[in-house]
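Student: The structure's right below; bear with me while I get my questions together.
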Amino acid sequence: MNGRSHSQTSQPTDGPDAASAPAPYRSTPVFDAATLPAALRADHSLKAGTWGQIQVLEGEVRLTYSDPHMTTVLKPGTPGRIGPQQVHFVEPLGPMKMRVEFYDRPPDG
Numbered sequence: 001m002n003g004r005s006h007s008q009t010s011q012p013t014d015g016p017d018a019a020s021a022p023a024p025y026r027s028t029p030v031f032d033a034a035t036l037p038a039a040l041r042a043d044h045s046l047k048a049g050t051w052g053q054i055q056v057l058e059g060e061v062r063l064t065y066s067d068p069h070m071t072t073v074l075k076p077g078t079p080g081r082i083g084p085q086q087v088h089f090v091e092p093l094g095p096m097k098m099r100v101e102f103y104d105r106p107p108d109g
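Using full-length UniProt numbering, the letters of the sequence shown map in sequence onto residues 1 to 109.
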């Protein structure tokens, strides 16, 4: 056996934070600008006790919170967090791919 057989190293996601980070209990399919449902493009909210996290896989999406009014642009690596009963909607900014993950506690711990 040479020394190379044990060359794999632990990734940062193997640390203690990874074990405590909540996993989504459900995710939507991946939507693109053509398949994004009209219901997500209009004001809507999540039920009490449910958090959402919008994951943009390609392109950009505008996330607008209705109360208080705030807008942010999401892109790969910049997810958008939605709290329980927080009214919001999304708008594609050109070609994009995204999905929504649902959690029973805040996705960032």
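The beta-carbon is built from N, C-alpha and C at its ideal position, and this holds for glycine as well.
Keep in mind that this is a model prediction, so the values were computed, not measured.
(1) Thinking just about the alpha-carbon of each residue, which of 26, 47 and 35 is nearest to the one in residue 94?
(2) According to DSSP, which residues form a beta bridge with residue 35?
(3) If you measure between the beta carbons of residue 107 and residue 101, is that distance less than 9 Å?
(4) Drop a sphere of 10 angstroms on the beta-carbon of residue 90, count the other beta-carbons inside from all chains shown, and report buried for 16 or more, exposed for fewer.
(5) Here's the rule I'm using: 16 or more other beta-carbon atoms within 10 Å means buried, otherwise exposed. How should residue 98 be labelled?
(6) Please classify residue 105: does DSSP put it in a helix, a strand, or coil?
Tutor: A quick look at the data gives this:
(1) Answer by Cα proximity: 35.
(2) Bridge pairing for residue 35: absent [DSSP].
(3) Taking 9 Å as the Cβ cut-off, residue 107 and residue 101 qualify as a contacting pair.
(4) Burial state of residue 90 is buried, judged by a 10 Å Cβ sphere holding 16 or more other Cβ atoms.
(5) A residue is called buried when at least 16 other Cβ atoms come within 10 angstroms of its Cβ; residue 98 meets this threshold and is buried.
(6) In the three-state reduction of the DSSP assignment, residue 105 falls in the coil class, being assigned neither a helical nor a strand state.
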